[in-house]
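**Q**
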Amino acid sequence: GLKVEGLARYTPELPSRKPGLFGVPLASFGVVEEQARGTPHCHAIVWDGLSPSLLQSVAGAPRLLNVIAGLLDRMVTAELAPETIAQHLLSQFNGNRLGRVATFIAHCPVNEPREFIEDVQRAASFANLHSHTATCHKGTQGKISCRLGRPGPDAEKTHVVQLLPYRDPQTTKVLYEILFEPKPPCIDSLPCRNFSCTPIAQRDNNLHFWELQRRIRPVDDESLKQ
Numbered sequence: 012g013l014k015v016e017g018l019a020r021y022t023p024e025l026p027s028r029k030p031g032l033f034g035v036p037l038a039s040f041g042v043v044e045e046q047a048r049g050t051p052h053c054h055a056i057v058w059d060g061l062s063p064s065l066l067q068s069v070a071g072a073p074r075l076l077n078v079i080a081g082l083l084d085r086m087v088t089a090e091l092a093p094e095t096i097a098q099h100l101l102s103q104f105n106g107n108r109l110g111r112v113a114t115f116i117a118h119c120p121v122n123e124p125r126e127f128i129e130d131v132q133r134a135a136s137f138a139n140l141h142s143h144t145a146t147c148h149k150g151t152q153g154k155i156s157c158r159l160g161r162p163g164p165d166a167e168k169t170h171v172v173q174l175l176p177y178r179d180p181q182t183t184k185v186l187y188e189i190l191f192e193p194k195p196p197c198i199d200s201l202p203c204r205n206f207s208c209t210p211i212a213q214r215d216n217n218l219h220f221w222e223l224q225r226r227i228r229p230v231d232d233e234s235l236k237q
């Protein structure tokens with residue numbers, strides 16, 4: 012029979028874990044489901060070094076905002092290269108179908124970073140750009156725009172904003188004012204904090220939202236001239 016050691020999966024201790032795509036992984040959970048047409052897909056949750064509580068409370072420390080923004084930019088992106096979008100539009104205009112991602116050879120992000128970025132751009136262009144159909148306008152969100160899209164402002168750099176709730180005196184509905192300079196928490200825990208261990212506050216009841224970098228490229232962008 013099989014040895015017990017071959018069936019067990021050992022989790023390395025946190026100090027010995029190597030950083031990956033989402034920083035140092037703390038925990039993960041996933042489940043595989045089948046769509047209506049029978050194709051499997053996976054939902055996963057990954058806890059990394061940038062916990063929600065950290066992203067929430069770091070807005071009260073302006074010196075750490077650029078550091079956290081830089082880490083987020085290394086993990087995720089909300090924009091595609093202009094040449095990738097142009098190639099996608101030309102393919103649609105000419106009636107050419109993009110090649111499936113599975114037909115291309117994947118490259119190593121460490122040894123072949125340039126080719127790996129091209130792989131990411133190709134995959135995002137194939138899976139995240141689409142032509143609108145009737146199913147795009149289902150539900151409440153579909154009445155306004157494509158339900159698969161996430162409305163959001165353009166941003167020159169990744170930054171944090173604060174949502175300040177207030178009640179409309181006429182409709183009594185709760186609305187939100189957007190503050191581009193987050194306010195510090197009402198209660199300061201400075202006397203109770205040890206900056207060598209906890210440089211930021213442990214609790215912050217303010218509502219903070221991180222906007223990822225999504226730039227508008229000028230017409231004279233060098234990448235569009237190539």
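Just so we're aligned: 69 in our numbering is position 58 of the sequence shown, and the numbers increase by one with no gaps anywhere. Note that beta-carbon positions come from the ideal geometry of N, C-alpha and C, so glycine has one too.
#1: Tyr187 to Met86, Cα distance in whole Å?
#2: Rounded to a whole number of angstroms, what is the C-alpha to C-alpha distance between Pro93 and Cys147?
#3: Which residues does DSSP list as the beta-bridge partners of Arg226?
#4: Less than 9 Å between the C-beta atoms of Asp130 and Ala117, yes or no?
#5: From this set, Leu159, Thr151, Lys154, Ile155, which residue's C-alpha is nearest His141's C-alpha?
#6: Classify Pro193 as buried or exposed, calling it buried when 16 or more other Cβ atoms lie within 10 Å of its own Cβ.
#7: Let me confirm a value: Ser64 is counted as buried when at least 16 other C-beta atoms fall within 10 Å, else exposed. Which label applies?
#8: Alpha carbon to alpha carbon, how far is Ser68 from Asn217? Give it in angstroms, no decimals.
#9: Determine, using beta-carbon pairs with one atom in the region 32-50 and one in the region 178-187, whether at least three such pairs fall under 8 Å.
#10: With DSSP run on the structure shown, which of helix, strand or coil describes Ser142?
#11: Where does Arg178 fall in DSSP's three states?
#12: Return the first residue and the last residue of the alpha helix (DSSP H) that Ser64 is part of.
#13: Would you mind giving the Cβ-Cβ distance between Gly34 and Leu61, rounded to the nearest angstrom? I have them listed as a contact below 8 Å.
#14: Can you list, in chain order, the residues of its chain whose CB lies under 8 Å from that of Leu25, leaving out five sequence neighbours each side?
#15: To which residues of the same chain is Gln103 closer than 8 Å at the C-beta, ignoring the five residues directly before and after it?
#16: Restricting to Cα atoms, I'd like to know which of His54, Val43, Glu44, Asp59 is closest to Lys29.
**A** Taking the geometry as given:
#1: 28 Å
#2: 24 Å
#3: Bridge partners of Arg226: none, in fact.
#4: yes
#5: Leu159
#6: buried
#7: Label assigned to Ser64: exposed.
#8: The straight-line gap from Cα to Cα measures roughly 8 Å.
#9: no
#10: coil
#11: In this structure, Arg178 counts as strand in the three-state DSSP scheme.
#12: Its alpha helix (DSSP H) spans residues 63-68.
#13: 6 Å between Cβ atoms; contact.
#14: If we look at Leu25 and ignore the five residues flanking it on each side, its Cβ neighbours are Val35, Leu37.
#15: Ser142
#16: Asp59
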